[in-house]
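Inspection log for the structure reproduced underneath, given as structure tokens.
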Amino acid sequence: MIAYFSATGNSLYVAQKLAAQLDDRLVSMDDSLKTGQTAYALSDGEQVGLVLPVYFYTVPLLVRQWMSRLRLMGNHKPFVFAVLTCGGQTGQAGRILTRLLLRERLDLQYLASVVLPDNYIPLLTVPEPERQQHLFLAADQALVTIVGQLKQKTRGDHDTNKSALAPLLTAFAAPLYKNGRKTGPFYATDRCTNCGLCARICPDNIISLPDGKPVWNEPFCTHCLACLHRCPVEAIQYGRRTASKTRYVNPRVTWPA
Ligand SMILES: Cc1cc2nc3c(=O)[nH]c(=O)nc-3n(C[C@H](O)[C@H](O)[C@H](O)COP(=O)(O)O)c2cc1C
Ligand code: SF4
Ligand code: SF4
Numbered sequence: 130m131i132a133y134f135s136a137t138g139n140s141l142y143v144a145q146k147l148a149a150q151l152d153d154r155l156v157s158m159d160d161s162l163k164t165g166q167t168a169y170a171l172s173d174g175e176q177v178g179l180v181l182p183v184y185f186y187t188v189p190l191l192v193r194q195w196m197s198r199l200r201l202m203g204n205h206k207p208f209v210f211a212v213l214t215c216g217g218q219t220g221q222a223g224r225i226l227t228r229l230l231l232r233e234r235l236d237l238q239y240l241a242s243v244v245l246p247d248n249y250i251p252l253l254t255v256p257e258p259e260r261q262q263h264l265f266l267a268a269d270q271a272l273v274t275i276v277g278q279l280k281q282k283t284r285g286d287h288d289t290n291k292s293a294l295a296p297l298l299t300a301f302a303a304p305l306y307k308n309g310r311k312t313g314p315f316y317a318t319d320r321c322t323n324c325g326l327c328a329r330i331c332p333d334n335i336i337s338l339p340d341g342k343p344v345w346n347e348p349f350c351t352h353c354l355a356c357l358h359r360c361p362v363e364a365i366q367y368g369r370r371t372a373s374k375t376r377y378v379n380p381r382v383t384w385p386a
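Here the sequence shown stands for residues 130 to 386, where the numbers follow my numbering.
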């Protein structure tokens, strides 16, 4: 099985490609937490893959929650692999993921990463269309290598996007995720059409629409930015820096119904 978490489609794109080429079933961490179905019976020899975005050089909160509730049933020790998606650098996210999996008695045997358009618009801007095309091409090439390695059950750390300063970057950035997850700066402008999509797709289930417009009901969230990027009329803002920024959704994915 390949379990994925994805807000703007990059990790879903990678997960769908891997699942198709490795003949694995796809599992959404988000749906799994929402339905409470976090136990999986593995068939003989079935491997377990995780595909997730990097946040602040670390592992998203929702993925941590999913891993802590995951129960695997089967009569073999599965081959466990992970593929991170990021906008440029993973820092020590892979190392942190390895530690978190060990806590759940799972041994991460293969790690890789794929660079795709960065969606963190409270700080950065989404790459221009031409740059996005270049990233998609490079990602597809990286995926050919990753699929080849996974078919051979290659082991080891093949994350080539850590950066030489990974420990330093992670030591600085990862603790910022805690406060970076504040929901206070989210608001919806008058463009909101009350369609309800943001509430339906929020993986943390913390958005309600008391008067048609979204309200964020918890002080912190996973901070995936799905609500902000996928609002069809770009009504959602985060503080003062997102109003002028282009939104991003991976154009190559089909979202599961
Ligand atoms: C809260 C947040 C923090 C992020 N931090 C990083 C980061 O540390 N390094 C990086 O390269 N990209 C970072 N990104 C960009 C995402 O990892 C990247 O765009 C990812 O592919 C998004 O995956 P998704 O489309 O499956 O949600 C961050 C994005 C968000 C929303
Ligand atoms: S997705 Fe956008 S338009 Fe729809 S309810 Fe949310 S803020 Fe309003
Ligand atoms: S409120 Fe928005 S950013 Fe936070 S978890 Fe929900 S969809 Fe993601």
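Beta carbons are placed, not taken as given, at the ideal position from N, Cα and C, and that holds for glycine. Everything numeric in this text was worked out from a predicted model, so none of it was measured.
| Check | Outcome |
| --- | --- |
| Between the Cα of Q238 and the Cα atoms of K374, Q166, V177, which residue gives the shortest distance? | V177 |
| Exposed or buried, what is R329 when buried is set at 16 or more other beta-carbons lying within 10 Å of its beta-carbon? | exposed |
| For I250, does the three-state DSSP call read helix, strand or coil? | coil |
| Taking a contact to mean a Cβ-Cβ separation below 8 Å, would you say A355 touches T137 in this structure? | yes |
| Are there any heavy atoms of ligand 2 lying less than 7 Å away from the beta-carbon of N323, as far as the coordinates show? | yes |
| Inspect the beta-carbon positions of L226 and V188 and report whether they are closer than 8 Å. | yes |
| Mind the definition here: the region 219 to 233 touches the region 250 to 262 only if three or more C-beta pairs lie below 8 Å; say whether that holds. | no |
| Can you check DSSP and say which residues form a bridge with D286? | L240 |
| Quick check: does the Cβ of D247 come within less than 7 Å of any heavy atom belonging to ligand 3? | no |
| Where does Y142 fall in DSSP's three states? | helix |
| Check the DSSP bridge columns for C321 and list the partner residues they point to. | Per DSSP, none; premise fails for C321. |
| Quick check on W384: does DSSP put it in helix, strand or coil? | coil |
| Cα-Cα, which of T219, T254, S197 is closest to L229? | S197 |
| Verify the contact flag: I335, CB atom, against every heavy atom of ligand 2, threshold strictly below 7 Å. | no |
| Compare the C-alpha of G174 against each of D288, D159, M202, Y186 and name the closest. | M202 |
| Which whole-angstrom value describes the C-beta separation of V212 and V143, a residue pair presumed to lie in contact below a C-beta threshold of 8 Å? | 6 Å |
| Identify every residue that forms a DSSP beta bridge with A132. | V156, L179 |
| Please determine whether the Cβ atom of A168 lies at a distance below 7 Å from any heavy atom of ligand 2. | no |
| Identify, in the order they occur along the chain, each residue of the same chain with its Cβ nearer than 8 Å to the Cβ of V156, setting aside the five sequence neighbours on each side. | M130, I131, A132, Y133, Y169 |
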